[in-house]
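Taken in sequence, the protein lines are chains A and B. Residue 1 is where the first sequence starts when you use the working numbering, and the numbers rise one by one after that. Residue 322 is where the second sequence starts when you use the working numbering, and the numbers rise one by one after that. Virtual Cβ for every residue (Gly too), placed ideally from N, Cα, C. Inspection log for the structure reproduced underneath, given as structure tokens.
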Amino acid sequence: MSITYLDAIREAQARALEEDPNVFIYGQDVADFGGAFKATKGLAERFPGRVIDAPISEDAIVGSAVGAAIEGMRPIVEMQFADFSAVAFNQIVNQSATHYWRTGVPCPITIRLPSGGTEGSGPFHSQSVESLYAHYPGLIVMTPATVEDAYGMLLEAIRIEDPVIFCEHKLLYYHLKADALPRSVLPVGKARIARVGRHASVVACSAMVHEALRAARVLADEGWEIEVVDLRTAKPIDTDTILASVARTGRLLAVAESFPWGGITAEVVSRVVTEGFHLLDAPPQRLNSKDTPVPYHPNLWRAHRPTWQSIAASVRHLLGL
Amino acid sequence: MPSLSPSPTASRWKGFANERERFLAAYRWMILARIFEEKIAALYRAGKIVGGVYLGRGQEAFSVALGMQLDQAHGDLFAGLIRDQGGRMAFGETLMDSARTYLGSVEGPMRGRDGNIHRGRPTRGMPAMISHLGTMVAVVNGMLMAKRFHGRVDVVGGVTIGDGGTSTGAFHEGLNQAAVEKLPLVVAVADNQYAYSTPTCHQYACADLADRAAGYGVRGYSIDGTDLTACLETFHEAIERARRGEGPQLVVGKLLRLAGHGEHDDARYIPARKRQEPHGGDCVALAREKALKSAWASAKEIDEWHAQTQERVEEAVARAQSEPEPNPFRESWHALATKHLAEGTPPAQ
Numbered sequence: 001m002s003i004t005y006l007d008a009i010r011e012a013q014a015r016a017l018e019e020d021p022n023v024f025i026y027g028q029d030v031a032d033f034g035g036a037f038k039a040t041k042g043l044a045e046r047f048p049g050r051v052i053d054a055p056i057s058e059d060a061i062v063g064s065a066v067g068a069a070i071e072g073m074r075p076i077v078e079m080q081f082a083d084f085s086a087v088a089f090n091q092i093v094n095q096s097a098t099h100y101w102r103t104g105v106p107c108p109i110t111i112r113l114p115s116g117g118t119e120g121s122g123p124f125h126s127q128s129v130e131s132l133y134a135h136y137p138g139l140i141v142m143t144p145a146t147v148e149d150a151y152g153m154l155l156e157a158i159r160i161e162d163p164v165i166f167c168e169h170k171l172l173y174y175h176l177k178a179d180a181l182p183r184s185v186l187p188v189g190k191a192r193i194a195r196v197g198r199h200a201s202v203v204a205c206s207a208m209v210h211e212a213l214r215a216a217r218v219l220a221d222e223g224w225e226i227e228v229v230d231l232r233t234a235k236p237i238d239t240d241t242i243l244a245s246v247a248r249t250g251r252l253l254a255v256a257e258s259f260p261w262g263g264i265t266a267e268v269v270s271r272v273v274t275e276g277f278h279l280l281d282a283p284p285q286r287l288n289s290k291d292t293p294v295p296y297h298p299n300l301w302r303a304h305r306p307t308w309q310s311i312a313a314s315v316r317h318l319l320g321l
Numbered sequence: 322m323p324s325l326s327p328s329p330t331a332s333r334w335k336g337f338a339n340e341r342e343r344f345l346a347a348y349r350w351m352i353l354a355r356i357f358e359e360k361i362a363a364l365y366r367a368g369k370i371v372g373g374v375y376l377g378r379g380q381e382a383f384s385v386a387l388g389m390q391l392d393q394a395h396g397d398l399f400a401g402l403i404r405d406q407g408g409r410m411a412f413g414e415t416l417m418d419s420a421r422t423y424l425g426s427v428e429g430p431m432r433g434r435d436g437n438i439h440r441g442r443p444t445r446g447m448p449a450m451i452s453h454l455g456t457m458v459a460v461v462n463g464m465l466m467a468k469r470f471h472g473r474v475d476v477v478g479g480v481t482i483g484d485g486g487t488s489t490g491a492f493h494e495g496l497n498q499a500a501v502e503k504l505p506l507v508v509a510v511a512d513n514q515y516a517y518s519t520p521t522c523h524q525y526a527c528a529d530l531a532d533r534a535a536g537y538g539v540r541g542y543s544i545d546g547t548d549l550t551a552c553l554e555t556f557h558e559a560i561e562r563a564r565r566g567e568g569p570q571l572v573v574g575k576l577l578r579l580a581g582h583g584e585h586d587d588a589r590y591i592p593a594r595k596r597q598e599p600h601g602g603d604c605v606a607l608a609r610e611k612a613l614k615s616a617w618a619s620a621k622e623i624d625e626w627h628a629q630t631q632e633r634v635e636e637a638v639a640r641a642q643s644e645p646e647p648n649p650f651r652e653s654w655h656a657l658a659t660k661h662l663a664e665g666t667p668p669a670q
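Here is the structure:
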């Protein structure tokens, strides 16, 4: 049996719906249609009344999820694309993220964001917004890179008492496969060493983990052993695991698909520099998308985002080659 | 004022024996709101309040008529906004919660983390507003959807807004969502003629905000928001219709904000003649007139209520003032309920 990243997301939701009567799914086209990417296919039939189509009202969708959470429900919100969460930005960062701190009443909502670029998707169906939400206190931001994490972390996201921004990468939906659903996964907040190495550390999240792994394989042929750290959660960042990796390798490259100004790569570099400056043998490097909107045409898009080629080039630079 | 709380039994007067009792109960909530807010405004002028003070002067009848006729014990909801001191207390917010939040007492529901009108007890049907207008409609929708999930379809959610707030996208999304989901929601729009300094001619172009109701597929009402009897009658009907499953109700009350946007604002942009125009009156004074004219209360009784209320307010404020303020060294500085996942700043050194 082969399970895709997308299957894992659907199965995690099915299990959550089965285990907890307070779980429901709310979003555009999620009910009988099964969602724009089929992440909720069949769930409306299996769980009548608990998978609900919403009007095209991202603000109201998240606002009502907050209200439902106050009353003891555990809503899963599906944004059709991560980009559209901009319309719900206010309810996410000002309503849901402040709620527990202001009132003492937890706000356990999960907001699924189909994230990241794919060929031909253009500026408004391609964004990676994890840095944006990680900026705000009161939110947890997950960026699963594997089928196992897509399943295990989504289940955790639904159980967690806080609002969780769940960034699932569209490029991984159909191509990433596993043999079975995991029995257990690492705890939330722990990074994973995706590949062991000793010459440089590449810290990445989501689809960039796979680009980094491919770059590491290429560099291995040249005799370089590159360690790849999969962040798993963008917030909280597992600084300890990153520092331990840098302690082994002395060199750091942080990679993310989001825009270059600030964000996760800047945060990773800043933490390593402030807490582990003495571990570094070379200036740490960052690699993000280019500082333009995400382009439509595949020729432009491939050059806009970090790839295994640009990661390999950055690592060579980091190694002084 | 627990003695004024109606019993949950449904009746023509929503638990009150007759029109007189209901009217006087509402009037007394209005007096409490007015006196409390005057006290808070005086403290503000004396520099005793941290942050802003935003008054509901002129809107007490409209606010109380909704808050008082909802039933907190039954599971109803009331999401008050900045001019709902009256409605909040009539629904179930205690005077101490109000006083403590304004005065920054650590004993209050917001514990100094938020202040003034940004307060609530969400698990007791009183969500705490954020400043971004229109957003609370969807929050109340979600609370009602949760109640429905839990088998409660006989509860009603009240949410308030002003004419300015109706211009937001959030308000549109929320009201449309409530209509689509046929939720038992009562939206009270206090059309108080000014959004901060902006007159309604720059806010909306329809003849009456209630005209929008038909466009959403909800029932609309347009009333004189300074007339307590009209407010009580209309909200009674709207609440009962919502409770019967007839979907959202939109009640627009025409009135005039008898204060600045906040106490920092002298509102010189509001011409004095506005007070002589229709809906420009003071609902508390009008309610007093009606009570006297109908021989429902004597001037002496009303004076006594004022004196008793003043005493209660002074006591509550004095108590809140004597309570500790929040201590930054005892603050957790963590915004997550899931403590072990919080990336908090360590306690201040």
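Straight-line spacing of the CA atoms in B/K503 and B/M447 works out to 21 Å.
Contact between the segment 454-462 of chain B and the segment 366-381 of chain B is absent: fewer than three C-beta pairs spanning the two stretches fall below 8 Å. Residue-level contact by beta carbon fails for B/H600 and chain A, as no gap is shorter than 9 Å. The C-beta separation of A/P284 from A/L319 comes to about 13 Å, leaving the pair out of contact by the 8 Å criterion. In this structure, A/T265 keeps its C-beta atom at 9 Å or more from the C-beta atom of A/V273.
Between the segment 124-134 of chain A and the segment 181-194 of chain A, the count of C-beta pairs closer than 8 Å stays below three; the two stretches do not touch. Against A/Q13, chain B offers no close residue; the least beta-carbon distance is about 17 Å (beta-carbon pairs closer than 7 Å).
Rounded to the nearest angstrom, the gap between the Cα atoms of B/G436 and B/K611 is 36 Å. Counted as a single uninterrupted DSSP element, the stretch harbouring A/V23 is not any alpha helix (DSSP H) but the beta strand (DSSP E) occupying residues 23-27. With 16 or more other CB atoms across the displayed protein chains lying within 10 angstroms of its CB, A/Y5 is buried. When Cβ pairs closer than 8 Å are counted between the two stretches, the segment 339-348 of chain B is seen to touch the segment 380-392 of chain B, the count reaching three or more. Residue pairing by DSSP puts A/C167 in a beta bridge opposite A/L113. Per DSSP, reduced to three states, the secondary structure at A/L132 is helical. Considered as a whole, the segment 75-129 of chain A harbours 110-115 as its complete beta strand (DSSP E) runs of no fewer than 3 residues, in chain order.
Using beta-carbon distances, A/K170 does not count as an interface residue toward chain B, since no partner is under 9 Å.
Secondary structure of A/K38 (DSSP, three-state): coil. Taking 7 Å as the cut-off between beta carbons, the residues of the segment 485-500 of chain B near chain A are G490, A491, E494, G495, N497, Q498, in sequence order. Each of B/I544, B/I591, B/I560, B/G441 was checked against the Cα of B/Y517, and the nearest Cα belongs to B/I591. For chain B, none of the residues of the segment 32-47 of chain A brings a beta carbon within less than 9 Å of one of its beta carbons.
A/M73 reaches chain B at A467, F470, counting residues in chain order whose Cβ is nearer than 7 Å. Taking CB atoms only, A/E18 has no neighbour in chain B less than 9 Å away. Taking 9 Å as the threshold, the shortest C-beta distance from A/P137 to chain B falls below it. The beta carbon of B/S419 does not come within 9 Å of any beta carbon belonging to chain A, so the residue lies off that interface. Only buried fits B/H582, as 16 or more other CB atoms lie within 10 angstroms of its CB.
Contacts with chain A (Cβ-Cβ distance below 9 Å) from the segment 418-442 of chain B involve P430, M431, R432, R434, D435, H439, R440, G441, R442, listed in chain order. Rounded to the nearest whole angstrom, the C-alpha separation of B/T630 and B/I361 is 14 Å. Within a 10 Å sphere around the beta-carbon of A/V209 sit 16 or more other beta-carbons, which makes this residue buried. By the neighbour-count definition (other C-beta atoms within 10 Å, threshold 16), A/C205 is a buried residue. Out of B/F470, B/A588, B/D475, the CA that lies nearest to the CA of B/E567 is found in B/D475. Any Cβ of chain B closer than 9 Å to the Cβ of A/Q95 would place that residue at the interface, and such an atom is present.
Contact between B/G536 and B/L571 fails: their C-beta atoms lie close to 10 Å from each other, not under 8 Å. Per DSSP, B/R442 lies in no alpha helix (DSSP H) and is assigned neither H nor E. Per DSSP, reduced to three states, the secondary structure at A/S201 is strand. Judged by beta-carbon spacing, A/P236 lies beyond the 9 Å limit of B/A400, meaning their Cβ atoms are not closer than that value. Minimum Cα-Cα distance from B/G478 among the listed residues B/T519, B/K468, B/Q642, B/A658 corresponds to B/K468. About 5 Å separates the beta carbon of A/E78 from that of A/R112, a gap short enough to meet the 8 Å contact definition.
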